[in-house]
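Contents: one structure, followed by commentary.
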Amino acid sequence: DVKVTQSSRYLVKRTGEKVFLECVQDMDHENMFWYRQDPGLGLRLIYFSYDVKMKEKGDIPEGYSVSREKKERFSLILESASTNQTSMYLCASSYSGSRDEQFFGPGTRLTVL
Amino acid sequence: GNSVTQMEGPVTLSEEAFLTINCTYTATGYPSLFWYVQYPGEGLQLLLKATKADDKGSNKGFEATYRKETTSFHLEKGSVQVSDSAVYFCALFNTGRRALTFGSGTRLQVQP
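Going down the list, the sequences are from chains A and B.
For reference, each letter of the first sequence is one residue, going 60 to 172 in my numbering.
For reference, each letter of the second sequence is one residue, going 3 to 114 in my numbering.
Laid out in structure tokens, this is it:
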């Protein structure tokens, strides 16, 4: 089975801190994605990557950056966390030939105080 | 741009009741359509999909038909179980941007 893991299930940080959310997939997928999930808004795409060292902005990239140094790992970075970044963050991956079927990690619930 | 609209939840049903969750979309071209499900405490997983008009996706007793004329992809199940309690997301694949666009999700609660 495809497995997508995220480094933390729950995270509490303070305003202004730099936050790293890590995601690792074990199926050699080319594509990786970061979403945030908020009640009533569904999932919104923050950033995605189609290859190592490549990244593209999604719908809500402001306040975030990403890093993909290795194929299996995709990191989301909050340079200076703010309270409006309190949310559930979901990572996903997919095969190059089937970008539409994505496999999701369990999510990280981030609280910024 | 592309968008997906789902019915507001929560939807509360008794076990063995019939389920419909409405989904309509706005998109250019002919996107692929999906239903994803999120069980409590877990990430999303693909439930079913349809890639062209009149296709019917099905899985675990759930069905949805791609209706181009009404731009809809409603999810149905004839007899729900308590274990179907989850949040259901409708989505479309944006071929131009090569990414999924999700609806807001519909929470289903099935009572014994």
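Yeah, the Cβ is synthetic: ideal placement off N, Cα and C, and Gly gets one too.
For THR72/B, which of helix, strand or coil comes out of DSSP?
Looking at THR72/B - three-state DSSP - the assignment turns out to be coil, as it is neither helix nor strand.
With DSSP collapsed to three states, give me the class of VAL111/A.
In this structure, VAL111/A counts as coil in the three-state DSSP scheme.
Contact criterion: CB-CB distance below 8 Å. Does GLY164/A meet it with respect to chain B?
Closer than 8 Å: yes.
Roughly how many angstroms separate the alpha carbons of PRO114/B and SER87/B, rounded to a whole number?
Spanning the alpha carbons of PRO114/B and SER87/B requires a straight line of approximately 11 Å.
For a contact meaning CB atoms closer than 9 Å, what does GLU44/B contact in chain A?
Correct list: PHE163, PRO165, GLY166.
How many Å lie between GLY75/A and MET147/A at the Cα?
Taking the straight line from one Cα to the other gives about 19 Å.
Counting only the same chain and skipping the five closest in sequence on each side, list residues whose C-beta sits under 7 Å from that of ALA19/B.
VAL82.
Mind pulling the alpha helix (DSSP H) runs of 4 or more residues that sit fully within the segment 34-64 of chain B?
As far as the segment 34-64 of chain B is concerned, it has no whole alpha helix (DSSP H) run of at least 4 residues.
Residue interval of the beta strand (DSSP E) (run including PRO27/B):
The sequence given here places Tyr at residue 27/B; Pro does not occur at that position. Its beta strand (DSSP E) spans residues 25-28.
Residue interval of the beta strand (DSSP E) (run including GLU131/A):
Where GLU131/A is concerned, there is no enclosing beta strand (DSSP E), given that its DSSP letter is neither H nor E.
CB-CB length for PHE63/B against LEU50/B, believed under 8 Å:
Looking at the sequence provided, one finds Gly at residue 63/B rather than Phe. About 10 Å; that fails the 8 Å criterion.
Any Cβ of chain A within less than 8 Å of the Cβ of LEU102/B?
Yes, because at least one Cβ of chain A sits closer than 8 Å to the Cβ of LEU102/B.
Report the rounded CA-to-CA distance for THR145/A versus SER134/A, giving the unit in angstroms.
THR145/A and SER134/A: Cα-Cα distance of roughly 17 Å.
Exposure label - SER124/A; buried when at least 16 CB within 10 Å
Burial call: exposed.
With a threshold of 16 other CB atoms inside 10 Å of the CB of PRO33/B, please say whether the residue is buried or exposed.
Burial of PRO33/B is indicated by the presence of at least 16 other C-beta atoms within 10 angstroms of its C-beta.
So which of VAL71/A, LYS62/A, LEU102/A, PRO120/A has the shortest CA-CA distance to VAL171/A?
The shortest C-alpha separation from VAL171/A is found at VAL71/A.
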